[in-house]
Amino acid sequence: MHRLIAPIVFSTVLIIGSGITLTLYNSATVNKDLRAQDLADQTVDRISGRLDEAEALLRATNAFFQATQNRINETRFHQIVDGMDINVRYPGLQGIGFAEWIETGQEDALNTILQLYHDVDTKVWPETDQSYRTPIVLLEPMDARNQAAIAYDMFSEETRRNAIRKAFASGNVTASAPVMLVQEISSIKQPGFLLYLPYQRDENPEDMRAPSSFTKPAKGLIYSPFRAGDLFAKALDQSPHLPVAIEAHDDQDEATILYKSESFDEDDRFDDAMAQTRTLDVAGRTWVLNIRMLRRTGWDVEQIAPYVSAGIFLLLATMLAWIIHSQIRAIRTAHTMREMSEKSLSEKDLLLQEMKHRIKNSIARILAMSRQTARHSETIEEFAESFNARLQAMANAQDALTRSHWQRADLFDLIAKELEQVLGENGIKDRIAGPEVDLDETTVQALALTFHELATNALKYSSVASNSKALSVSWNVVIKGKKRILTLLWEEKSEDTIKAPSHKGFGTKLIDANIIGELRGTIERRYEDHGLTIEITIPLASGSKKSRS
13 MHRLIAPIVF STVLIIGSGI TLTLYNSATV NKDLRAQDLA DQTVDRISGR LDEAEALLRA
73 TNAFFQATQN RINETRFHQI VDGMDINVRY PGLQGIGFAE WIETGQEDAL NTILQLYHDV
133 DTKVWPETDQ SYRTPIVLLE PMDARNQAAI AYDMFSEETR RNAIRKAFAS GNVTASAPVM
193 LVQEISSIKQ PGFLLYLPYQ RDENPEDMRA PSSFTKPAKG LIYSPFRAGD LFAKALDQSP
253 HLPVAIEAHD DQDEATILYK SESFDEDDRF DDAMAQTRTL DVAGRTWVLN IRMLRRTGWD
313 VEQIAPYVSA GIFLLLATML AWIIHSQIRA IRTAHTMREM SEKSLSEKDL LLQEMKHRIK
373 NSIARILAMS RQTARHSETI EEFAESFNAR LQAMANAQDA LTRSHWQRAD LFDLIAKELE
433 QVLGENGIKD RIAGPEVDLD ETTVQALALT FHELATNALK YSSVASNSKA LSVSWNVVIK
493 GKKRILTLLW EEKSEDTIKA PSHKGFGTKL IDANIIGELR GTIERRYEDH GLTIEITIPL
553 ASGSKKSRS
């Protein structure tokens, strides 16, 4: 009988353990499926939520058009859309616009209105064989992309035309099939789509007289263009970040991929058992979303629990004394896993906050620079040239910082790159001299724009274009107490007399804002008979200074 006690205990514990292990395994499988479904639902909800917000904006804009007695001009429309703060509150939405329904042959009247609105010789385009046209009259915010779409006749293109007809037939918000937006003017393009909401004047909606600058339009479309990639990227990047990758396409156009995560095809990163497929109704069209879930890193308690249980009960059946020891190990393992998870989340949160801070600072600087450049530019071309050059100066600073993992950048390299960008590589490095100085991120950004403005002015007013020796840049670092002070001397020579300007231009204001306002330094300009000397003094953050050979 005593011989049977051990087998009976062993069998009993093993049966109980097998039952518990099977329960844990089934529970882990169910929880895994529920987690995959929840992540897929959250992904769909984020995208549909942004589309719902855009649809609400279209309806609100349509209501405003209906309530306004006369035609809404570009200035008034800008005020309306600017108050919506689209770029901040609705990322992924390219803009809100109005396209007027006219009969073919009424283009001249509308061209006059377009010229009054936008102060450029804009005409309805392209040519069409249709009886009606829907040129874009208003579109905000008026950035470079949206400027390219003004006066475009959407009814002339088949995909847009089909969606417009469907919108007027239903009287509701209607989405187009995937299209390439006319706003895609850069080298990096992505598919897009449009949301249309038909607008018809309450009184005499059939009155199709030629449009005028005062008469309220009889018929048209309130619409929004979307860059699909931006829409999906912004939805997925919002906090909390979802561990998913998606591929999306229109149900009727599988060949055109609306969006595909960069890591979607990296099979080793995803758990195929958790893959989900969802459909999303987008204003009358159906999108198909293929969603893949990232594998969990580290220990997954739910997945290993059944095996731990089996091991514990097996040990219990053979040696009861090991039960306590096994439990202690399990508790320690759980604590370790929790600490690892908390540390990982803390590090990720710190990184996200740092990225958010850097991006916010860069966007603020770019917005301020664009407003000031626009204020001092008389034409779009002048604005584009000045703004692009200043953006390139910022890009040079970003490049210098990137090479050092956003820690420090060398002053010599920064000056050389800015001068070569503006003046070319004609021995300009030989005219630069000074000790090695490492600059922090804020100083790099400010000095990059400053050197760009100084180099541009030197090209205009000095002899550096014909003689690289007409320009020299030197600097030194002195120690005053616990502070390190950088003193930089910028010297230009000119064959003609250089006189001090009667008023400050935008470039001068930008330099002063960077040196005095942001870096807490000083700048002195000395205009001489045949040259200009600029002395800049700024305090430096603590760091090393080495002699340059």
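The sequence shown begins at 13 in our numbering and counts up one residue at a time. Yeah, the Cβ is synthetic: ideal placement off N, Cα and C, and Gly gets one too. All figures in this text were calculated on a predicted structure; none of them were measured in a lab.
Checklist entry - Near residue 67, what residues of its chain come up, given a Cβ to Cβ distance below 6 Å and the 5 sequence neighbours on each side ignored? => result In the sequence shown, the residue the question calls residue 67 occupies position 55. These residues qualify, in order along the chain: 185.
Next on the checklist: Please tell me whether residue 111 and residue 162 are closer than 8 Å, where the distance is taken between their beta carbons.
Outcome noted: As a working note, residue 111 is residue 99 in the sequence shown. As a working note, residue 162 is residue 150 in the sequence shown. For residue 111 and residue 162, no; Cβs fall outside 8 Å.
Next on the checklist: Report the CB separation of residue 153 from residue 117 in whole angstroms; it is logged as a contact under 8 Å.
Outcome noted: In the sequence shown, the residue the question calls residue 153 occupies position 141. In the sequence shown, the residue the question calls residue 117 occupies position 105. Not quite, the Cβ-Cβ distance comes to about 32 Å (not below 8 Å), so this is no contact.
Next on the checklist: Going by C-alpha to C-alpha distance, which of 265, 49, 131 sits closest to residue 290?
Outcome noted: As a working mapping, residue 290 is identified with position 278 in the sequence shown. Among 265, 49, 131, the Cα nearest to that of residue 290 belongs to 49.
Checklist entry - If you pair each beta-carbon of the region 455-475 with each one of the region 422-437, do three or more pairs fall below 8 Å? => result yes
Item to check | Alpha carbon of residue 265 to alpha carbon of residue 62, nearest angstrom | outcome: In the sequence shown, the residue the question calls residue 265 occupies position 253. In the sequence shown, the residue the question calls residue 62 occupies position 50. One C-alpha to the other measures close to 22 Å.
Checklist entry - From this set, 495, 496, 451, 224, which residue's C-alpha is nearest residue 127's C-alpha? => result By 1-based counting over the sequence shown, the position of residue 127 is 115. That would be 224, whose Cα lies nearest to the Cα of residue 127.
Next on the checklist: Which residues does DSSP list as the beta-bridge partners of residue 271?
Outcome noted: Here residue 271 refers to the residue found at position 259 when the sequence shown is read from its first residue. Its beta-bridge partners are 260.
Item to check | Nearest-angstrom beta carbon gap, residue 466 and residue 502 [assumed within contact, 8 Å] | outcome: In the sequence shown, counting from the first residue as 1, residue 502 sits at position 490. In the sequence shown, counting from the first residue as 1, residue 466 sits at position 454. Yes, they are in contact, since the Cβ atoms of residue 502 and residue 466 sit about 6 Å apart, within 8 Å.
Checklist entry - Quick one: what does DSSP say residue 138 is sitting in, helix, strand or coil? => result For the purposes of this step, residue 138 is taken as residue 126 along the sequence shown, with counting starting at 1. Three-state result, residue 138: coil.
Checklist entry - Helix, strand or coil for residue 469 per DSSP? => result Taking the sequence shown and counting its residues from 1, the one referred to as residue 469 is at position 457. In the structure shown, residue 469 sits in a helix (DSSP, three-state: H, G or I).
Checklist entry - Between which two residues does the beta strand (DSSP E) carrying residue 111 extend? => result Looking up residue 111 in the sequence shown gives position 99. Run containing residue 111: 108-112, per the beta strand (DSSP E) assignment.
Next on the checklist: I want to check one thing, is the minimum distance from the CB of residue 76 to the heavy atoms of the ligand GTP below 7 Å?
Outcome noted: Ligands in the displayed structure: none, and consequently the ligand GTP is not present.
Checklist entry - Which residues does DSSP pair with residue 544 in a beta bridge? => result As a working note, residue 544 is residue 532 in the sequence shown. Note: residue 544 sits in a beta bridge opposite 504, 539.
Checklist entry - According to the Cβ coordinates, are residue 549 and residue 497 closer than 8 Å? => result Within the sequence shown, numbered from 1, the residue matching residue 549 stands at position 537. Within the sequence shown, numbered from 1, the residue matching residue 497 stands at position 485. Contact flag set, yes.
Next on the checklist: Excluding the 5 residues flanking residue 287 on each side, which residues of the same chain have their C-beta closer than 6 Å to its C-beta?
Outcome noted: Locating residue 287 in the sequence shown gives position 275, counting from the first residue. Taken in chain order, the residues that qualify are 304.
Checklist entry - Is it the case that the Cβ atoms of residue 247 and residue 59 are separated by a distance below 8 Å? => result What you label residue 247 is simply residue 235 of the sequence shown in a count that begins at 1. What you label residue 59 is simply residue 47 of the sequence shown in a count that begins at 1. Yes, they are a contact pair.
Checklist entry - DSSP three-state call for residue 168: helix, strand or coil? => result Locating residue 168 in the sequence shown gives position 156, where the first residue counts as 1. Note: residue 168 maps to helix in three-state DSSP.
Checklist entry - Do three or more CB pairs link the region 270-284 to the region 137-147 at distances below 8 Å? => result no
Item to check | In DSSP terms, what residue 265 is bridged to | outcome: As a position in the sequence shown, residue 265 is number 253, starting the count at 1. Answer is 262, bridged to residue 265.
Checklist entry - Do residue 473 and residue 506 have their CB atoms nearer than 8 Å? => result The sequence position of residue 473 within the sequence shown is 461, counting from 1. The sequence position of residue 506 within the sequence shown is 494, counting from 1. Yes, these two residues count as a Cβ contact at 8 Å.
Next on the checklist: Determine whether the beta carbon atoms of residue 134 and residue 233 lie at a separation below 8 Å.
Outcome noted: Counting from 1 along the sequence shown, the entry for residue 134 is found at position 122. Counting from 1 along the sequence shown, the entry for residue 233 is found at position 221. No, Cβ-Cβ distance for residue 134 and residue 233 is not below 8 Å.
Checklist entry - Mind checking residue 33: buried by the 16 CB within 10 Å criterion, or exposed? => result What you label residue 33 is simply residue 21 of the sequence shown in a count that begins at 1. When all chains shown are included, residue 33 counts as buried.
Item to check | Runs of alpha helix (DSSP H) lying entirely within the region 174-261, each at least 4 residues, in chain order | outcome: 240-249
Item to check | Secondary structure of residue 282, DSSP reduced to three states | outcome: As a position in the sequence shown, residue 282 is number 270, starting the count at 1. DSSP places residue 282 in strand when its eight states are reduced to three.
Checklist entry - To the nearest angstrom, how far is it from the Cα of residue 457 to the Cα of residue 294? => result Walking along the sequence shown from the start, residue 457 turns up at place 445. Walking along the sequence shown from the start, residue 294 turns up at place 282. Whole-angstrom Cα-Cα distance: 43 Å.
Checklist entry - In whole angstroms, what separates the C-alpha of residue 547 from that of residue 422? => result As a working mapping, residue 547 is identified with position 535 in the sequence shown. As a working mapping, residue 422 is identified with position 410 in the sequence shown. One C-alpha to the other measures close to 19 Å.
Next on the checklist: Once DSSP output is grouped into helix, strand and coil, what is the label at residue 444?
Outcome noted: One-based indexing of the sequence shown puts residue 444 at position 432. DSSP places residue 444 in strand when its eight states are reduced to three.
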